[in-house]
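Q: Here it is, the structure, as structure tokens.
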């Protein structure tokens, strides 16, 4: 039987998952794809670290470079993460004639064009199913299963950590910090969860998804990002009173004026299919011109789910190699125009903290009205004449720029205490 | 550029969708797969019928046989439905060296083994993405995207008509007949909706899904089926009071004792991810040993969604053909043992209609207790001493056989008026 000789870079969470799947299902998978998937070398930084799996010592090396240059290997699986030296290692692997499988969304989002271009130049394949949505086969589904469609929009929850935190805030009525510490205890948040909570990880994934479905390259730095750390427990409750859930949504749309792409806390109606995506689960809702709305839901992270996506890429590679192919069709790397978010229109949730005195609502609505922002709903709680109270307004559709300018003007008033909270509302 | 010459059998809903997609996106798809997808012949029964699309008259023939035998064609797309002559046409197409794409779940479920065997014997490919879940690329996702997984279970809503009817019963508080007539007005139910409402269509699709993921062939006649026509408006309300939604669920599991496969009205907790699948949407939830729970959701029917799935098969075929492949790996056709449902255990919803007199609940629970069926919840409504009232019991887990025998005994009592309603409850 044919063999696919694999060099693994990294034996952390995902690397252990890949090792464990290939180790326990070797025969079954060999039968499935007509090729034995063989881990021939594994590079780790620290050979004495305790790990989830225990490969033979003879497979282990501390030299990643020796793996990417090893002429015996067919594929390099890059699972060390980060930008450097992952980028240099992948480039070296491609140049030495190896196909590459990676789960590194940060690297692909920020340097993907260089990598895909080099893969094309070298006639090699660079696969990345595990980089978006963990175990959800979203890349394959989009690229092949929905090939007859033009995808018009993506609405997605693609960061499990922040979704877990938001779910906890809603279900246990705790504040952001407490929810985060629950997530850390459960292993759903890293010690330094900044990339997850600030929306960067979601933006990386959105960059990749958009570049995959919109027929050109969306630059990571063009994706607007806001994270969830400013969300207060009271925002979750107020949203709930209006019939909404707050989610960290990664949204991208293809319009005649260009691409819209942004990641931010967004209010979704409770009846929306993404409203019920809870805990560390991910979900990607796409709208295709033929197929209509279609949603993929599953575990967006974790050793075995993500490992399962890496292995599906290896199986695809094995099948291709057996037949001498160089599929799949490469991404289109021409740069797409991404619209500035400030010109986009949306409904908005505004939470002011104001001194509770007569005429406050009138003053605020006058300033909003001056920018053609009109109000659809109001909640004003607890009366404490002279004290500071929250005042929540939902607006009709308006350009973000107008809303932000009005809010700036309001925040300069003496009745305003503290910075106003501004969230998008997505109705459909 | 290479061409894939397609013969289309049938120009109804799905056929029109395929024609319209290939017609409007010819150039785009040709670029995507490096091959022009060309409809060369279309067989219809009645050439003068008004249709959604208007292909050139020269493409049209009334002889399906001339298409399956035409040596110029590469692929036959069978969209006429039904068992005969669809089966004979597909066999003839395979034997004359053509690959075949079909959306015919009834045919594949009931005669799939013959067809797949013949395809293997002839070295041809038989693809069927459109046969399950309409536009949802579930076949590809399972076969390739989840290839690293052993699928343990399937929980699915795979009939849009019955899901629309149940959704209407719940949201508009109407009875089955009225909900059905709403579905018919909306075009979500055919004039003769028996196959949909009696669960047969779901069972066809479950047969295919199970045979795809469990590594052998599940016979259609081994799948237990009950439809939704006996569900009363009061069942929907009582279920709701207990915190459940009634869905027509198609469930299959792989256990050590064999396959479990059944389609029937099932109570699902409102928090269950399938509870929120409403209207004519379909959803398939699978549990993979590596990936965990994963769900696919989308339009399960309709001209363009289903057409989009057919076209994705054609694109796959074009890619394979260009490279001289005969992918994908065939189904395993060895017959799997399917367990008799009566030995399966579940929680149950029981709605009795009983004479309202003292001691009724005691008598009923004694008979259930005699079969080791214990009660977890009770609702007894409206007191009308001497009149007939509904009495609803939820049971703890028990073998279906024991529950049905107890119910039979109870239905013979003079206090019981009318046949007792028995539904499964699926907790997770």
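Residue numbers (this note's numbering), protein chains in the order written: chain B, 520 to 947; chain L, 520 to 947.
Ideal Cβ placement from N, Cα and C applies to all residues, glycine included.
Keep in mind that this is a model prediction, so the values were computed, not measured.
#1: What does residue 666 of chain L touch in chain B if you count any residue whose Cβ is under 7 Å from its own?
#2: Residue ranges of each beta strand (DSSP E) run of no fewer than 3 residues wholly in the stretch 803–875 of chain L, ordered along the chain?
#3: Can you pull the chain L neighbours of residue 795 of chain B, defined as C-beta to C-beta under 9 Å?
#4: With which residues is residue 762 of chain L paired in a DSSP beta bridge?
#5: If we call anything under 8 Å between Cβ atoms a contact, is residue 943 of chain B one with residue 785 of chain B?
#6: Indicate whether residue 700 of chain L and residue 767 of chain L have their beta-carbon atoms separated by less than 8 Å.
#7: Would you report the Cα separation of residue 813 of chain L and residue 649 of chain B, rounded to the nearest angstrom?
#8: Which residues bound the alpha helix (DSSP H) around residue 930 of chain L?
#9: As a quick exercise: from L/596, L/531, L/536, pick the residue whose alpha carbon is nearest that of residue 654 of chain L.
#10: Strictly below 7 Å CB to CB, what residues from chain B border residue 647 of chain L?
#11: Using a Cβ-Cβ distance cut-off of 8 Å, determine whether residue 733 of chain B contacts chain L.
#12: Cα-Cα, which of B/681, B/921, B/688, B/689 is closest to residue 706 of chain B?
#13: What in chain L is Cβ-close to residue 826 of chain B, meaning under 8 Å?
#14: What residue does the alpha helix (DSSP H) around residue 546 of chain L start on, and which one ends it?
#15: What ranges does the alpha helix (DSSP H) occupy inside the stretch 566–597 of chain L, keeping only unbroken runs of at least 4 residues that lie completely in it?
#16: Can you find at least 3 beta carbon pairs, one from the stretch 864–884 of chain L and one from the stretch 912–931 of chain L, that sit closer than 8 Å?
#17: Helix, strand or coil: which one does DSSP assign to residue 637 of chain L?
#18: Based on the DSSP output, what are the partners of residue 783 of chain B in its beta bridges?
#19: Comparing C-alpha positions only, which one of L/564, L/575, L/520 sits nearest to residue 538 of chain L?
#20: Listed from N- to C-terminal order along the chain, which residues in the stretch 666–690 of chain B have their beta-carbon within a distance smaller than 9 Å of any beta-carbon of chain L?
#21: List the DSSP bridge partners of residue 911 of chain B.
#22: Would DSSP call residue 716 of chain B helix, strand or coil?
#23: Around the Cβ of residue 904 of chain L, are there at least 16 other Cβ atoms within 10 angstroms (buried) or fewer (exposed)?
#24: Under a Cβ-count criterion, where at least 16 other Cβ atoms within 10 Å of its own Cβ denotes burial, should residue 624 of chain B be classed as buried or exposed?
#25: Could you please give the first and the last residue of the uninterrupted alpha helix (DSSP H) stretch that includes residue 790 of chain B?
#26: Within 8 Å of any Cβ in chain B, is that where the Cβ of residue 597 of chain L sits?
#27: Would residue 759 of chain B count as contacting chain L if we go by Cβ distances under 8 Å?
#28: If you check the beta carbons only, do residue 528 of chain B and residue 594 of chain B fall under 8 Å apart?
#29: Per the DSSP calculation, residue 618 of chain L is bridged to which residue(s)?
#30: Whose CA, out of L/565, L/925, L/632, lies closest to the CA of residue 737 of chain L?
#31: With a threshold of 8 Å between beta carbons, is residue 548 of chain B in contact with chain L?
#32: Can you check whether the C-beta of residue 618 of chain L is within less than 8 Å of a C-beta belonging to chain B?
#33: Opposite residue 562 of chain B in the DSSP bridges: which residues?
#34: So, residue 806 of chain B versus residue 672 of chain B, is the Cβ gap smaller than 8 Å?
#35: Name the chain L residues whose beta carbon is nearer than 8 Å to that of residue 540 of chain B?
#36: Decide yes or no for the touch test of the stretch 872–891 of chain B against the stretch 926–946 of chain B: beta carbon pairs closer than 8 Å, at least 3 of them.
A: This is what the structure holds:
#1: What you label residue 666 of chain L is simply residue 147 of the second chain in a count that begins at 1. Near residue 666 of chain L (Cβ distances below 7 Å), the residues of chain B are 551, 831, 834.
#2: 811–818, 864–874
#3: Here residue 795 of chain B refers to the residue found at position 276 of the first chain. Chain L residues near residue 795 of chain B: 790, 792, 794, 795.
#4: Sequence index remark: in the second chain, residue 762 of chain L carries index 243 (1-based). Answer is none; residue 762 of chain L lacks a bridge partner.
#5: Position 424 of the first chain, counting from 1, holds the residue named residue 943 of chain B. Position 266 of the first chain, counting from 1, holds the residue named residue 785 of chain B. For residue 943 of chain B and residue 785 of chain B, yes; Cβs fall inside 8 Å.
#6: Along the second chain, read from residue 1 onward, the residue named residue 700 of chain L stands at position 181. Along the second chain, read from residue 1 onward, the residue named residue 767 of chain L stands at position 248. The answer is no: Cβ separation not under 8 Å.
#7: What you label residue 813 of chain L is simply residue 294 of the second chain in a count that begins at 1. What you label residue 649 of chain B is simply residue 130 of the first chain in a count that begins at 1. Approximately 15 Å between the Cα atoms of the pair.
#8: By 1-based counting over the second chain, the position of residue 930 of chain L is 411. Unbroken alpha helix (DSSP H) run through residue 930 of chain L: 919–930.
#9: Locating residue 654 of chain L in the second chain gives position 135, where the first residue counts as 1. If we check each option's Cα against that of residue 654 of chain L, L/536 comes out closest.
#10: The residue given as residue 647 of chain L occupies position 128 in the second chain. Within chain B, no residue comes near residue 647 of chain L; the closest Cβ sits about 13 Å away, beyond 7 Å.
#11: To locate residue 733 of chain B, count along the first chain from 1; it is residue 214. No, because no Cβ of chain L sits closer than 8 Å to the Cβ of residue 733 of chain B.
#12: By one-based count along the first chain, residue 706 of chain B stands at place 187. When only C-alpha atoms are compared, the closest one is B/681.
#13: Numbered from 1 along the first chain, position 307 holds the residue referred to as residue 826 of chain B. Residues of chain L passing the Cβ test: 667, 809.
#14: Taking the first residue of the second chain as position 1, residue 546 of chain L is located at position 27. Where residue 546 of chain L is concerned, the enclosing alpha helix (DSSP H) stretches over 545–552.
#15: 583–588
#16: yes
#17: In the second chain, the residue the question calls residue 637 of chain L occupies position 118. In the structure shown, residue 637 of chain L sits in a helix (DSSP, three-state: H, G or I).
#18: In the first chain, counting from the first residue as 1, residue 783 of chain B sits at position 264. In the DSSP output, where bridge partners are listed per residue, residue 783 of chain B has B/768.
#19: As a first step, residue 538 of chain L is located in the second chain; it is residue number 19 there, counting from the start. Selected option, being the one with the closest Cα: L/575.
#20: 666, 667, 668, 669
#21: Position 392 of the first chain holds residue 911 of chain B. BP columns for residue 911 of chain B point to B/870, B/898.
#22: By 1-based counting over the first chain, the position of residue 716 of chain B is 197. The answer is helix: DSSP assigns residue 716 of chain B an H, G or I state.
#23: For the purposes of this step, residue 904 of chain L is taken as the residue at position 385 of the second chain. It is exposed - the Cβ of residue 904 of chain L has fewer than 16 other Cβ atoms within 10 Å.
#24: For the purposes of this step, residue 624 of chain B is taken as the residue at position 105 of the first chain. Result: buried.
#25: Indexing the first chain from 1 puts residue 790 of chain B at position 271. That residue, residue 790 of chain B, is in no alpha helix (DSSP H); it is neither H nor E in DSSP.
#26: Here residue 597 of chain L refers to the residue found at position 78 when the second chain is read from its first residue. With 8 Å as the cut-off, residue 597 of chain L does not count as an interface residue toward chain B.
#27: The count along the first chain starts at 1 and reaches residue 759 of chain B at position 240. So no, residue 759 of chain B is outside the interface.
#28: Counting from one through the first chain, the residue named residue 528 of chain B turns up at place 9. Counting from one through the first chain, the residue named residue 594 of chain B turns up at place 75. Not a contact, by the Cβ cut-off of 8 Å.
#29: Translated into the one-based positions of the second chain, residue 618 of chain L becomes position 99. In the DSSP output, where bridge partners are listed per residue, residue 618 of chain L has L/594.
#30: On the second chain, residue 737 of chain L is found 218 positions in, with the first residue counted as 1. Of L/565, L/925, L/632, the residue nearest in Cα terms is L/632.
#31: Your numbering for residue 548 of chain B matches position 29 in the first chain. Closer than 8 Å to some Cβ of chain L, the Cβ of residue 548 of chain B qualifies, so yes.
#32: Here residue 618 of chain L refers to the residue found at position 99 when the second chain is read from its first residue. No - not a single Cβ of chain B is within 8 Å of the one on residue 618 of chain L.
#33: For this step, residue 562 of chain B is matched to residue 43 along the first chain. The partner list for residue 562 of chain B (beta bridge, DSSP) reads B/528, B/580.
#34: Your numbering for residue 806 of chain B matches position 287 in the first chain. Your numbering for residue 672 of chain B matches position 153 in the first chain. Closer than 8 Å, so yes.
#35: Here residue 540 of chain B is taken as the residue at index 21 of the first chain, counted from 1. The answer, in chain order, is 667, 809.
#36: yes
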